[in-house]
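A.B. asks: Dropping a structure here in structure tokens format, bear with me for questions.
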Amino acid sequence: MSERANFGSKMGVILAASGSAVGLGNIWRFPCMVGENGGAAFILVYILCVMFLGVPVMVSEFLIGRRAKTNAIEAYSKLAPGTPWIWIGITGVAAAFLILSYYGVVAGWTLEYTVASAVGELSGAKDYTAFFNDFVSNPWKPVLYMAVFILLTHIVVVRGVREGIEKFSKIMMPLLLLIICVLVGCSFSLSGFEEGAAFLLRPDFSKVTNKVILDAMGQAFFSMSIGMGCLCTYASYFSKDTDLMKTAGSVATIDTLVALLGGFIIFPAVFSVPGLSADAGAGLVFITLPNVFHLIFQNVPWLGYIFSLMFYVLLMLAALTSTISLHEVSTAYIHERLKWSRKKAAWAVTAGCIFLGVFCALSFGVLSEIKLFDLTIFDLFDFVTAKLIMPLGGMFISIFTGWYLERSIVKAEVTNEGKLKIPFFKFYIFLLKFVAPVCIGLIFINELFK
Ligand code: PHE
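Counting in the numbering used here, the sequence shown runs from 1 upward without gaps.
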């Protein structure tokens, strides 16, 4: 009998795992990328990456975590003792720690925008570009909001898997989905709805370049929280009758739907204002949108107030359920490896991430001149984790499950010791053995020799 914590229900599992997946990646990064890469063609490539690369790797992480029933690093040393496979775990935990440090900065921005919306600072005509730039380059505000955000995360994580993560996800995820539905409903009535929908749904295949493919794959991995320690850690709390394939399918579906719905909230609004471009990059959500909210609701300012407040609350909640999963990866490792209490381990992670987060937060202002390989500290963290560790992690995880792990173990996990019928098992193995490693490898090499 293990006394290890576990999730209490199937719903809790799906909501916690999709809480990890649904985040700034869906509502901030995905629309930016769709805008920059020309709309529907990118979305199509993205969906293919989710189905044929993302889902199989997700199932693999689930099975590794549940089989080993321990943190992401020790999972590999348990399933492959004395081998270099442990590096998947080590880089995974390191990635979670680094991602939390820079993700916490943007999460902090969402908190500041929520507060600004609530006190009415985000309504009326204003130079929102200056508003954003002044805020992110301020020497203490972004640091403060980042620290508060990581502390909020801490409060949930410290309560444990069932009482903290699961309970919180069960309340927040339905609330988040409700807000999305309300906002999408509102965006139907906007004058730019048709143009926005066409931008998202009508693909222009001439736009599918190598860059689009690489971006789509990187985004799919980031958005699904794949290739680092998160899913493996959460899966170590799954019970023996969690259906891994079904869970992965549900999480991927929820994650992709939320990203698309995020697009359906943002682009119709953007296209409702003549002359605005969808290609605004990172500023889309923090600069373009406040402008748009102000302009389209000029005659009914209270509606603009509500729309904007709901939008930033949504962004903040989505970020919080993701930071929780990032925090848990390192907390679980420290707690189990060093045998520290959960509380002490969580404090160590919180303190460490806030420390690194300070540098990331300031890299938009006083530290913006500090660069390595021409990247600011924030961009460097993003590059190392989202562009290197996560896709490479995904590749090695598929090789590990497809080629190294005994087939009987893989089968036992995926079928819950023979209780479930899995019609696509052979196809799943084929994807893991050949398709995922080759595709990810090719996309990488192509990028390297560009
Ligand atoms: N998937 C999250 C998002 O879309 C980000 C994340 C990445 C969370 C990796 C956990 C692990 O925002």
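Cβ atoms here follow ideal geometry from the backbone N, Cα and C, with glycine treated the same way.
Where does Cys-186 land, buried or exposed, given buried means 16+ other C-beta within 10 angstroms?
C.D. replies: Working through the sequence shown from its first residue, we reach residue 186 at position 186. Buried, because 16 or more other Cβ atoms sit within 10 Å of the Cβ of Cys-186.
A.B. asks: Examine the Cβ distances between the stretch 340-357 and the stretch 112-121 and report whether three or more of them are shorter than 8 angstroms.
C.D. replies: no
A.B. asks: Give a yes or no on contact between the stretch 382-397 and the stretch 214-230, applying the rule of three or more CB pairs nearer than 8 angstroms.
C.D. replies: yes
A.B. asks: Report all residues from its chain with a CB closer than 8 angstroms to the CB of Asp-204; omit the five preceding and five following residues, and keep chain order.
C.D. replies: The count along the sequence shown starts at 1 and reaches residue 204 at position 204. Only Gly-38, Gly-39, Ala-40, Ala-41 meet the Cβ criterion.
A.B. asks: Closer than 8 angstroms by C-beta to Ala-269: which residues in its own chain qualify, once you throw out the five before and the five after it? Chain order, please.
C.D. replies: Mapped onto the sequence shown, residue 269 falls at position 269. The answer, listed in chain order, is Ser-187, Leu-190, Gly-192, Gly-196, Leu-289, Val-292, Phe-293, Ile-296.
A.B. asks: Using C-beta distances below 7 angstroms, list every residue in its chain close to Val-13, excluding the 5 sequence neighbours before and after it, in chain order.
C.D. replies: The sequence position of residue 13 within the sequence shown is 13, counting from 1. So the list reads Phe-7, Phe-238, Thr-242, Thr-247, once near-sequence residues are dropped.
A.B. asks: By DSSP, does Thr-376 sit in helix, in strand, or in coil?
C.D. replies: One-based indexing of the sequence shown puts residue 376 at position 376. Strand, per DSSP.
A.B. asks: Would Ser-398 pass as a contact of Ser-20 if the rule is Cβ separation under 7 angstroms?
C.D. replies: Within the sequence shown, residue 398 is the residue found at index 398, counting from 1. Within the sequence shown, residue 20 is the residue found at index 20, counting from 1. It is not a contact, given that the beta carbons lie outside the stated cut-off.
A.B. asks: Considering just the uninterrupted stretch of the alpha helix (DSSP H) at Asp-255, what are its terminal residues?
C.D. replies: Counting from one through the sequence shown, the residue named residue 255 turns up at place 255. Start and end: 244-271.
A.B. asks: Would you report the Cα separation of Leu-98 and Thr-385, rounded to the nearest angstrom?
C.D. replies: Here the question's residue 98 lines up with position 98 in the sequence shown. Here the question's residue 385 lines up with position 385 in the sequence shown. Approximately 7 angstroms between the Cα atoms of the pair.
A.B. asks: May I ask you to list the residues that DSSP assigns as paired with Lys-371?
C.D. replies: As a position in the sequence shown, residue 371 is number 371, starting the count at 1. DSSP output for Lys-371 lists Thr-376 as bridge partner(s).
A.B. asks: Straight-line CA distance for Pro-274 to Leu-284?
C.D. replies: On the sequence shown, residue 274 is found 274 positions in, with the first residue counted as 1. On the sequence shown, residue 284 is found 284 positions in, with the first residue counted as 1. Roughly 15 angstroms separates the two Cα atoms.
A.B. asks: Could you compute how far the alpha carbon of Ser-341 sits from the alpha carbon of Gly-229?
C.D. replies: Taking the first residue of the sequence shown as 1, we reach residue 341 at position 341. Taking the first residue of the sequence shown as 1, we reach residue 229 at position 229. So the alpha carbons of these two residues sit roughly 20 angstroms apart.
A.B. asks: Should Ala-282 be counted as a contact of the ligand PHE given a C-beta to heavy atom distance under 6 angstroms?
C.D. replies: Looking up residue 282 in the sequence shown gives position 282. No.
A.B. asks: Compare the beta carbon distance of Ala-361 and Val-148 with 7 angstroms and say whether it is the shorter of the two.
C.D. replies: Taking the first residue of the sequence shown as position 1, residue 361 is located at position 361. Taking the first residue of the sequence shown as position 1, residue 148 is located at position 148. The answer is no: Cβ separation not under 7 angstroms.
A.B. asks: Which residues in the same chain have their Cβ closer than 7 angstroms to the Cβ of Ser-2, if we skip the five residues on either side of it in sequence?
C.D. replies: By 1-based counting over the sequence shown, the position of residue 2 is 2. Low local confidence applies: a pLDDT of 49 at Ser-2 is under 50, so the model's placement there is unreliable, with the coordinate-based value given in what follows. So the list reads Lys-69, once near-sequence residues are dropped.
A.B. asks: Excluding the five sequence neighbours on either side, which residues of its own chain have a C-beta within less than 8 angstroms of the C-beta of Lys-211, listed in chain order?
C.D. replies: Counting from one through the sequence shown, the residue named residue 211 turns up at place 211. Cβ neighbours of Lys-211 beyond the five flanking positions: Asn-37.
A.B. asks: Do Phe-378 and Ser-363 have their beta-carbon atoms positioned less than 7 angstroms apart in this structure?
C.D. replies: The residue labelled residue 363 in the question sits at position 363 within the sequence shown. The residue labelled residue 378 in the question sits at position 378 within the sequence shown. Contact flag set, yes.
A.B. asks: Three-state secondary structure (DSSP) at Arg-4?
C.D. replies: Walking along the sequence shown from the start, residue 4 turns up at place 4. Coil, per DSSP.
A.B. asks: Since Asp-134 is in the alpha helix (DSSP H), which residue starts that stretch and which ends it?
C.D. replies: Here residue 134 refers to the residue found at position 134 when the sequence shown is read from its first residue. Run containing Asp-134: 128-137, per the alpha helix (DSSP H) assignment.
A.B. asks: So, are the CB atoms of Ala-318 and Leu-176 less than 7 angstroms apart?
C.D. replies: Locating residue 318 in the sequence shown gives position 318, counting from the first residue. Locating residue 176 in the sequence shown gives position 176, counting from the first residue. The answer is yes: Cβ separation under 7 angstroms.
A.B. asks: Nearest-angstrom Cα distance between Ser-506 and Pro-301?
C.D. replies: No answer is possible for residue 506: it lies beyond the span of the chain, which begins at 1 and ends at 450.
A.B. asks: Gly-263: beta carbon under 6 angstroms from a heavy atom of the ligand PHE?
C.D. replies: Within the sequence shown, numbered from 1, the residue matching residue 263 stands at position 263. No.
A.B. asks: So does Leu-431 have its beta carbon nearer than 6 angstroms to some heavy atom of the ligand PHE?
C.D. replies: Taking the first residue of the sequence shown as 1, we reach residue 431 at position 431. Incorrect: Leu-431 has no Cβ contact closer than 6 angstroms to the ligand PHE.
A.B. asks: By how many angstroms is the C-alpha of Ala-95 removed from the C-alpha of Ala-348?
C.D. replies: If you number the sequence shown from 1, residue 348 lands on position 348. If you number the sequence shown from 1, residue 95 lands on position 95. If I take the Cα positions, the gap works out to 16 angstroms.
A.B. asks: Where Phe-311 and Glu-328 are concerned, what is the direct C-alpha to C-alpha distance, given to the nearest angstrom?
C.D. replies: Walking along the sequence shown from the start, residue 311 turns up at place 311. Walking along the sequence shown from the start, residue 328 turns up at place 328. Using only the alpha carbons, I get a separation of about 26 angstroms.
A.B. asks: Report yes if the C-beta of Ala-68 is less than 6 angstroms from at least one heavy atom of the ligand PHE; otherwise report no.
C.D. replies: Taking the first residue of the sequence shown as position 1, residue 68 is located at position 68. Not so, every heavy atom of the ligand PHE lies at least 6 angstroms from the Cβ.
A.B. asks: Counting pairs of Cβ atoms below 8 angstroms between the stretch 80-89 and the stretch 409-429, do you hit three or more?
C.D. replies: no
A.B. asks: Quick check: what's the CA-CA separation for Ile-409 versus Arg-159?
C.D. replies: Numbered from its first residue, the sequence shown carries residue 409 at position 409. Numbered from its first residue, the sequence shown carries residue 159 at position 159. Answer to the nearest angstrom: the Cα atoms are 33 angstroms apart.
A.B. asks: Which first and last residues belong to the alpha helix (DSSP H) in which Met-58 is found?
C.D. replies: For the purposes of this step, residue 58 is identified with residue 58 of the sequence shown, where counting begins at 1. Note, Met-58: alpha helix (DSSP H), 55-68.
A.B. asks: Do Phe-30 and Ala-216 have their C-beta atoms closer together than 7 angstroms?
C.D. replies: The residue you call residue 30 lines up with position 30 of the sequence shown. The residue you call residue 216 lines up with position 216 of the sequence shown. At a Cβ-Cβ threshold of 7 angstroms, Phe-30 and Ala-216 do not count as neighbours.
A.B. asks: So the alpha helix (DSSP H) Asp-215 belongs to, where does it begin and stop?
C.D. replies: Here residue 215 refers to the residue found at position 215 of the sequence shown. 210-223 is the span of the alpha helix (DSSP H), which, as asked, contains Asp-215.
A.B. asks: By Cβ distance below 7 angstroms, which residues in the same chain neighbour Phe-201 in space, the five residues on each side in sequence not counted?
C.D. replies: For the purposes of this step, residue 201 is identified with residue 201 of the sequence shown, where counting begins at 1. The sequence as given places Leu at residue 201; Phe does not occur at that position. Hits under 7 angstroms: Ala-40.
A.B. asks: If we call anything under 7 angstroms between Cβ atoms a contact, is Val-93 one with Ser-325?
C.D. replies: Here the question's residue 93 lines up with position 93 in the sequence shown. Here the question's residue 325 lines up with position 325 in the sequence shown. No; because the gap between Cβ atoms is not below 7 angstroms, this pair is not in contact.
A.B. asks: Under the rule that 16 or more other beta-carbon atoms within 10 Å means buried, what is Glu-112, buried or exposed?
C.D. replies: Here residue 112 is taken as the residue at index 112 of the sequence shown, counted from 1. Glu-112 comes out buried.
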